[in-house]
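Chains as they are written, first to last, in my numbering: chain A, 1 to 96; chain B, 1 to 143. Note sheet for the following structure.
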Amino acid sequence: MAVQILIPTPLRVYTRGEKVVTVEARTVGEALRALTDQFPELKRHLFTEEGRLRSFVNLYLGDEDVRYLQGEETPIPDGQTLSIVPSIAGGRSPGS
Amino acid sequence: MTLRLSVSQRDRIRAHVEAGYPAEACGILLGREVDGVKVVEDLRLVDNRWENPAEQTHRFLIPPEEVRAAERAAAAAGLEIIGFFHSHPDHPARPSAFDREHAWPWYAYLIVSVEGGRAIDWRVWELREDRSAFVERPLEVTG
Chain A
1 MAVQILIPTP LRVYTRGEKV VTVEARTVGE ALRALTDQFP ELKRHLFTEE GRLRSFVNLY
61 LGDEDVRYLQ GEETPIPDGQ TLSIVPSIAG GRSPGS
Chain B
1 MTLRLSVSQR DRIRAHVEAG YPAEACGILL GREVDGVKVV EDLRLVDNRW ENPAEQTHRF
61 LIPPEEVRAA ERAAAAAGLE IIGFFHSHPD HPARPSAFDR EHAWPWYAYL IVSVEGGRAI
121 DWRVWELRED RSAFVERPLE VTG
């Protein structure tokens with residue numbers, strides 16, 4: 001089914017300026033794969049070199065963080081919107 | 001990219017990061033980009049939510065629900081999130097490898113060095129598109 005993915009401002013340069021990308025997917029993981037197949041330059045900003053979702057990249061289905069649902073296996077009900085939201089972490093190197 | 005702050009915004013950030021010392025303090029920059037200049041129109045001062053308080057002297061966290069709330073507030077005001085700030089207590093205003101792992105290009109990352117409780121150095125950084133390094137960008141403070 002068609003899923004709308006909201007693209008945060010810093011990543012729109014990799015989606016040809018699109019704020020919303022529509023893909024065909026049944027789960028969150030499928031939606032992400034469809035998105036990065038369509039826009040491969042997004043991949044390194046969403047996933048580590050090992051292919052895991054970066055720890056600061058969060059996915060919301062409606063208002064729910066999918067981490068508290070079924071992660072990438074979470075089914076996407078018809079008409080739901082998937083949002084990509086960063087958490088911001090950082091700080092100096094300890095002891096340096 | 002240049003980051004532009006007003007004097008009063010700079011003073012609010014200064015007060016926030018000095019009050020947070022010796023922990024790292026952080027916040028969200030809302031504004032708009034005009035001709036390559038990211039103009040800050042509003043600030044959200046955020047509590048450092050890094051889980052282990054003993055590590056807050058060298059770590060900070062702004063959780064995603066805080067970023068979502070800021071996105072909604074920005075959109076309602078016709079603005080967007082243009083960047084973030086955080087402090088490095090008793091440490092230079094340079095991004096760490098940990099900062100680089102947790103960043104995206106385009107955003108302005110303002111780092112404030114706070115030595116002995118006083119904000120002494122302010123620097124703006126932008127992540128390269130290939131994620132290989134941060135590049136320093138100019139900071140303008142206007143009346």
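Where a beta carbon is used, it is the ideal one built from N, C-alpha and C, also for glycine.
According to DSSP, is residue i part of a helix, a strand, or is it coil?
i, result
"ALA23 (chain B)", "coil"
"PRO86 (chain A)", "strand"
"THR48 (chain A)", "coil"
"TYR14 (chain A)", "helix"
"PHE39 (chain A)", "coil"
"GLY29 (chain A)", "helix"
"PRO64 (chain B)", "helix"
"HIS58 (chain B)", "coil"
"GLN9 (chain B)", "helix"
"GLY31 (chain B)", "strand"
"GLY71 (chain A)", "helix"
"ALA2 (chain A)", "strand"
"ARG49 (chain B)", "coil"
"ARG54 (chain A)", "coil"
"ARG44 (chain B)", "strand"
"ARG72 (chain B)", "helix"
"ARG14 (chain B)", "helix"
Taking Cβ-Cβ distances shorter than 9 angstroms, what residues in chain B pair up with residue i?
i, result
"LEU61 (chain A)", "What LEU61 (chain A) touches in chain B: nothing, since even the nearest Cβ is about 13 angstroms away."
"THR90 (chain A)", "One point to set straight first is that residue 90 (chain A) is Gly, not Thr, in the sequence displayed. Within chain B, the residues near GLY90 (chain A) are GLU24, CYS26, ARG59, PHE60, LEU61, PHE84, HIS86, PRO95, SER96, PHE98, ASP99, ARG100, GLU101, HIS102, ALA103, TYR109 and ILE111."
"GLU13 (chain A)", "The sequence given here places Val at residue 13 (chain A); Glu does not occur at that position. Simply PRO105, TRP106 and GLU129."
How would you call residue i, buried or exposed, if buried means at least 16 neighbouring beta carbons within 10 angstroms?
i, result
"LYS38 (chain B)", "buried"
"ASP99 (chain B)", "buried"
"PRO77 (chain A)", "exposed"
"GLU71 (chain B)", "buried"
"SER96 (chain B)", "buried"
"PRO86 (chain A)", "buried"
"GLY83 (chain B)", "buried"
"ILE88 (chain A)", "buried"
"TYR68 (chain A)", "exposed"
"GLY91 (chain A)", "buried"
"ALA77 (chain B)", "exposed"
"GLY62 (chain A)", "exposed"
At 7 angstroms on the CB atoms, spell out the chain B contacts of residue i, in chain order.
i, result
"ARG44 (chain A)", "ARG131"
"PRO10 (chain A)", "TRP104, PRO105, TRP106 and TYR107"
"PHE56 (chain A)", "HIS102"
Hey, residue i and residue j are a contact pair by Cβ (cut 8 angstroms); roughly how many whole angstroms apart?
i, j, result
"ALA103 (chain B)", "LEU127 (chain B)", "5 angstroms"
"LEU82 (chain A)", "VAL3 (chain A)", "6 angstroms"
"VAL28 (chain A)", "GLU72 (chain A)", "5 angstroms"
"TRP125 (chain B)", "PHE134 (chain B)", "4 angstroms"
"THR57 (chain B)", "ALA23 (chain B)", "6 angstroms"
"VAL112 (chain B)", "ILE13 (chain B)", "7 angstroms"
"ARG4 (chain B)", "VAL40 (chain B)", "6 angstroms"
Kindly list, in the order they appear in chain A, the residues whose Cβ is closer than 8 angstroms to that of residue i.
i, result
"ARG68 (chain B)", "TYR60, SER83 and VAL85"
"HIS16 (chain B)", "In chain order: nothing, as chain A lies at least about 15 angstroms away."
"PRO64 (chain B)", "ASN58, TYR60, ASP65, VAL85, PRO86 and SER87"
Taking 7 angstroms as the cut-off, is the C-beta of residue i nearer than that to any heavy atom in the ligand FMN?
i, result
"ARG33 (chain A)", "No copy of the ligand FMN occurs in the structure displayed, which carries no ligand at all."
Run through chain A and tell me which residues come within less than 7 angstroms of residue i, C-beta to C-beta.
i, result
"GLU80 (chain B)", "THR9"
"PRO138 (chain B)", "Near PRO138 (chain B) there are no residues of chain A at all, since even the closest Cβ is about 19 angstroms away, more than 7 angstroms."
- Query: What are the complete alpha helix (DSSP H) segments, minimum 4 residues, inside the stretch 92 to 135 of chain B?
  - Reply: 97 to 101
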